[in-house]
Amino acid sequence: MGLSTTLQPGQSQTTRQLARTKQVSTAKGESFVWTFGFAGSRETEMRILAAHLRTYLHGSPAGNAQRSRNFCSSSPSVNRADEAAAALEEEAERKIGWLLKVIFAGTATAIGYQFFPYMGDNLVLQSISLLQVKDPFFKRTGASRLASYAVDDGRRMKVVELGGAQGLLNMLEAAEDDRTRKAALEALAALTESDKAVGALHKAGAVPIVQSTPSSVEEAAIDKYKTSLLKRFQDLRYDGSS
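Count along the sequence shown starting at 1, add 114, and that's the number in the working numbering.
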């Protein structure tokens, strides 16, 4: 960086101009050359300086257009980001739904073991109504409640009288997974501790439904409950031939 004095051709010593050139390097690697002449107008110099500053601070129109094109070209990336965010939100909602189900099951189980043997008709009916819900999770919850409630002959017959036996048979017949079949069979096994309940189940067509329940390699308890139920019907002369 420096100053230089140059004598212009065709000019006298008294009219010669002194040119001072100052080169400024910026962080972007750009450079500007400002020329100030003693004979020039200071207003012109300031106008030139202002124009250079505007170019430096805001960039050229061509640069602005390029940045606009770059922004437009990034729109697909923005759309993909929105789609990814929507997918994550949907996954989070699904996980939250399962979390609520787990919390509900844990709470229902804890309450069931403590209070179900003492609950009244309304709560028994609520448990039976869960057997009719489409979601297998709530079906299993209802069956588990009834199994916990049926601790003596009086309560077992209460479940039968309020429609629980028929609801469990319908649940078993329509079940599409082993866990739901197991829950229904477990509740039915709890009811068959009562001889009267066995007779009511036989009249409701329990024997062929239990016999047609598919076995499971993963849920060994299914075969155990099936064998126990069928033996119970046979012992009381309620087999398929009667």
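The C-beta atom is built at its ideal place from N, Cα and C for all residues, glycine as well. The structure displayed is predicted, hence computed values, not measured ones.
C-beta atoms of residue i and residue j nearer than 7 Å
i	j	result
A304	A279	no
A257	A288	no
R254	A297	yes
I323	L350	no
V321	F347	yes
V273	L260	yes
S308	D267	yes
L239	F252	no
A293	I336	According to the sequence as given, residue 293 is Arg; it is not Ala. Not a contact, by the Cβ cut-off of 7 Å.
K209	M271	no
Closer than 6 Å: residue i CB and nearest the ligand COA heavy atom
i	result
A303	Although the ligand COA was asked about, the structure shown includes no ligands whatsoever.
Reduced DSSP secondary structure (H/G/I, E/B, other) of residue i
i	result
S329	coil
F185	Unreliable positioning characterises F185 in this predicted model, as indicated by a pLDDT of 48, which lies under 50. The coordinate reading is nonetheless provided below. DSSP places F185 in helix when its eight states are reduced to three.
A341	It should be noted that the sequence gives Thr, not Ala, for residue 341. The answer is helix: DSSP assigns T341 an H, G or I state.
D349	helix
D266	coil
G313	helix
L260	helix
I336	helix
D292	helix
E207	helix
T140	Any reading at T140 must be qualified, since the residue scores a pLDDT of 40, below 50, and its modelled position is unreliable; the value itself is stated next. Coil at T140, not helix or strand.
V247	coil
T306	coil
S118	Any reading at S118 must be qualified, since the residue scores a pLDDT of 44, below 50, and its modelled position is unreliable; no value is offered.
A318	coil
G277	coil
A153	Because A153 sits at a pLDDT of 40, beneath the cut-off of 50, its placement in the model cannot be relied upon, and the point is left open.
Nearest-angstrom beta carbon gap, residue j and residue i [assumed within contact, 8 Å]
i	j	result
L299	K340	7 Å
L360	T327	The shown model of the chain, from 115 to 356, leaves out residue 360, and the question about it has no answer.
Q246	G281	7 Å
V312	Y352	6 Å
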